[in-house]
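Numbering (our numbering), first residue to last: 328 to 559.
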């Protein structure tokens, strides 16, 4: 059994290394291709639809490669755990995403009282960025995204609630899977890797992420991190 487990781990490690290497190796050729597209666009009318379409798809591919590389790096990340005021940290992320929300006409509200937890500030910030980005992205204009920090026993939580279209029970079982996106949301920009990256980053520090329905419509994402050192 131990030998089989080691073999499985070796295969997974090879897959991670391949994803990281392939993503890195493809970035430079893609950057050169996008540059050539921009140079070609200078010779064509500004409203050329083909150039606009190729430019859009090229940028989307670049984002997917960046997310793949981020995921591969997250899987190799060792958490630098320390006592962290996740209330202050979350308030910073809410402030950072407020201009993006305002540009879309979405209200981003934070309730972030001082709350300590045992976490890696860098990886937790990255995880929250992905969750808040996802919430703002799927929330329609004039609706609200709420971010609430609280302590619950041995765990501190950051709950991000949006008023978007939400997910069905079947979809909730798949949210966070790599590249998965609801068939109803294929027109929304993104690679489908953001929440998967968040889960990987949180797991490195003993944290977790869960999803639930928000009534009457929307999604609730709960990020949980331990209040005590894993060594205790």
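For each residue, glycine too, the CB sits at the ideal point set by N, CA and C. Treat the numbers as computed from the prediction; the structure is a model and nothing was measured.
Could you give the distance in angstroms between the alpha-carbon of residue 551 and the alpha-carbon of residue 429? Your numbering for residue 551 matches position 224 in the chain shown. Your numbering for residue 429 matches position 102 in the chain shown. For residue 551 and residue 429, the distance between alpha carbons rounds to 27 Å.
Assign residue 380 to one of two classes, buried (16 or more other C-beta atoms within 10 Å of its C-beta) or exposed (fewer than that). One-based indexing of the chain shown puts residue 380 at position 53. Exposed, by the Cβ-count rule.
Between residue 478 and chain C, is any beta-carbon pair separated by less than 8 Å? Of the protein chains in the structure, only one exists, and it is not chain C.
Report back the beta-carbon spacing between residue 388 and residue 357 to the nearest angstrom; my notes put them in contact at under 8 Å. Against the chain shown, residue 388 aligns to sequence position 61. Against the chain shown, residue 357 aligns to sequence position 30. At roughly 6 Å, the Cβ-Cβ gap stays under 8 Å, so residue 388 and residue 357 are in contact.
Applying the criterion that 16 or more other CB atoms from any shown protein chain within 10 Å of the CB defines a buried residue, is residue 376 buried or exposed? Locating residue 376 in the chain shown gives position 49, counting from the first residue. Around the beta carbon of residue 376, a 10 Å sphere encloses fewer than 16 other beta carbons of the protein chains shown; the residue is thus reported as exposed.
In the DSSP assignment, what residue or residues form a beta bridge with residue 444? By 1-based counting over the chain shown, the position of residue 444 is 117. In the DSSP secondary-structure assignment, residue 444 is bridged to 411.
Compute the Euclidean distance between the alpha carbons of residue 549 and residue 490, then round it to the nearest angstrom. For the purposes of this step, residue 549 is taken as the residue at position 222 of the chain shown. For the purposes of this step, residue 490 is taken as the residue at position 163 of the chain shown. Taking the straight line joining both Cα atoms gives about 15 Å.
Use the C-beta contact count for residue 410: other C-beta atoms within 10 angstroms, 16 or more gives buried, fewer gives exposed. Looking up residue 410 in the chain shown gives position 83. Exposed is the call here.
Ordered along the chain, which non-local residues of its own chain (more than five positions away) have a Cβ less than 6 Å from that of residue 339? For the purposes of this step, residue 339 is taken as residue 12 along the chain shown, with counting starting at 1. Bear in mind that a pLDDT of 46 at residue 339, under 50, signals an unreliable position, so the number given afterwards is only what the model happens to contain. In the same chain as residue 339, and ignoring 5 residues on each side of it, no C-beta atom comes closer than 6 Å to its own.
Under 7 Å Cβ to Cβ from residue 440, same chain only, skipping five residues before and after it: list those, please. If you number the chain shown from 1, residue 440 lands on position 113. Taken in chain order, the residues that qualify are 414 and 476.
Can you tell me the Cα-Cα spacing of residue 385 and residue 533, whole angstroms? In the chain shown, residue 385 corresponds to position 58, counting from 1. In the chain shown, residue 533 corresponds to position 206, counting from 1. About 36 Å.
Counting only the same chain and skipping the five closest in sequence on each side, list residues whose C-beta sits under 8 Å from that of residue 374. Within the chain shown, residue 374 is the residue found at index 47, counting from 1. Apart from the 5 residues on each side of it in sequence, residue 374 has no Cβ closer than 8 Å to any other Cβ in its chain.
Under 7 Å Cβ to Cβ from residue 371, same chain only, skipping five residues before and after it: list those, please. Start at 1 with the first residue of the chain shown, and residue 371 comes out as number 44. Excluding sequence neighbours, residue 371 sits near 378.
In three-state terms, what does DSSP make of residue 385? For the purposes of this step, residue 385 is taken as the residue at position 58 of the chain shown. Correct three-state label for residue 385: helix.
If the criterion is Cβ atoms closer than 8 Å, does the pair residue 463 and residue 472 meet it? Mapped onto the chain shown, residue 463 falls at position 136. Mapped onto the chain shown, residue 472 falls at position 145. Contact: yes.
Taking Cβ to Cβ, would you say residue 485 is nearer than 8 Å to residue 417? By one-based count along the chain shown, residue 485 stands at place 158. By one-based count along the chain shown, residue 417 stands at place 90. Yes, these two residues count as a Cβ contact at 8 Å.
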